[in-house]
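Comments concern the structure below.
Residue numbers (the UniProt record's numbering): 1 to 324.
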């Protein structure tokens, strides 16, 4: 499989978070819809209000199964609006869904919902996680420990915080200043709260200096973590420069050294992904807006095989290649 393919043409799904549970691929996407809200830099037009779960037992030739709605805004006691990208982790017989949602004050928090099955339904906790903020939670497990990576600027509100505290006014750096970093935090044993204060994820250039805000490869949103040949690969979206990039490091907290681009721009404003190994091959799950005619709030999830060279570098995939 060298060309990408759409996974679920019947509906608009985006931001696919993918894991192998019970010997199958499980996909946890955002569920795009036409809300009629005008497009703006805060992302108000991305007004998703529920999640579906999908499964596959053969990425290249298998049929995808839609397990239906597993969690809705109306089910969450503290809900305001906008169910953005989620992720799911497994521990001790339970599946934990982590989701960003604006509370009743229009502030993004991260909530938890629990199920006995990877395909839900998921029952939400009564309150968001204490000390949580911003968007795009990704869960990485190693040796029984679960780490959450999160954060996104602009509509993701990460610019409103420094040192895990809210600022009086949001601050976007100047182009010559260090970029706003993604965050990482160890989860508590019960998987329901943070076990520590979130820490900055530093992405460094080849000279060991932090990437600057004006660098087209700086972090914007969509954190993902995977491990390959003993190295930690932190990947992310650059947002307004429309790239998927990655950096590598020697432990889950970093720092990470920038390595290159995974995916060049696709049709549509956003780029958001996950990377997983299944049956001996690696895959990149992502989305574009080709089926909706370029409407960036109506996205369709895709998959393509991901390859490494002999040095462990990810081979760049051309986002527009199949659409020209």
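Backbone N, C-alpha and C define an ideal beta-carbon position, used for all residues, glycine too.
Just so it is clear, the structure is predicted and the values come from calculations on it, not from any experiment.
Sub-8 Å separation of residue i and residue j beta-carbons
i	j	result
residue 69	residue 118	no
residue 16	residue 285	yes
residue 2	residue 189	no
residue 111	residue 99	yes
residue 116	residue 91	no
residue 71	residue 122	yes
residue 294	residue 268	yes
residue 29	residue 291	no
residue 300	residue 13	yes
6 Å CB neighbourhood of residue i in its chain, flanking five on each side removed
i	result
residue 54	27, 64, 66
residue 45	37, 39, 297
residue 265	242, 319
residue 198	164, 183, 185
Own chain residues within Cβ distance below 8 Å of residue i, not counting five before or after
i	result
residue 309	315
residue 324	The predicted position of residue 324 is uncertain, since its pLDDT is 38 and thus under 50; a value taken from the coordinates is nonetheless stated next. Cβ neighbours of residue 324 beyond the five flanking positions: none.
Cβ separation of residue i and residue j, assumed to be a contact under 8 Å, to the nearest whole Å
i	j	result
residue 109	residue 132	5 Å
residue 50	residue 272	The Cβ separation is near 18 Å, so there is no contact.
residue 283	residue 59	6 Å
residue 211	residue 254	Not a contact, Cβ separation roughly 12 Å.
residue 153	residue 221	7 Å
residue 200	residue 181	4 Å
Residues bridged to residue i [DSSP beta-bridge criterion]
i	result
residue 2	For residue 2, which the question treats as bridged, DSSP gives no partner whatsoever.
residue 282	277, 306
residue 20	25
residue 256	203
residue 71	51
residue 124	113
residue 349	The question about residue 349 has no answer, for the chain in this structure spans 1 to 324.
residue 141	146
residue 245	236, 261
residue 314	308
residue 341	With the chain running from 1 to 324 in the structure shown, residue 341 is simply not present.
residue 270	Answer is none; residue 270 lacks a bridge partner.
Close-in-space but distant-in-sequence residues of the same chain around residue i (CB under 7 Å, 5 per side omitted)
i	result
residue 325	Outside the displayed span of the chain (1 to 324) sits residue 325, for which this structure offers no information.
residue 247	203, 234, 256, 257, 258, 259
residue 312	228, 229, 231
Okay, do the region 162–176 and the region 139–150 touch, 3+ Cβ pairs below 8 Å being the bar? No: the two stretches stay apart, fewer than three of their Cβ pairs being nearer than 8 Å.
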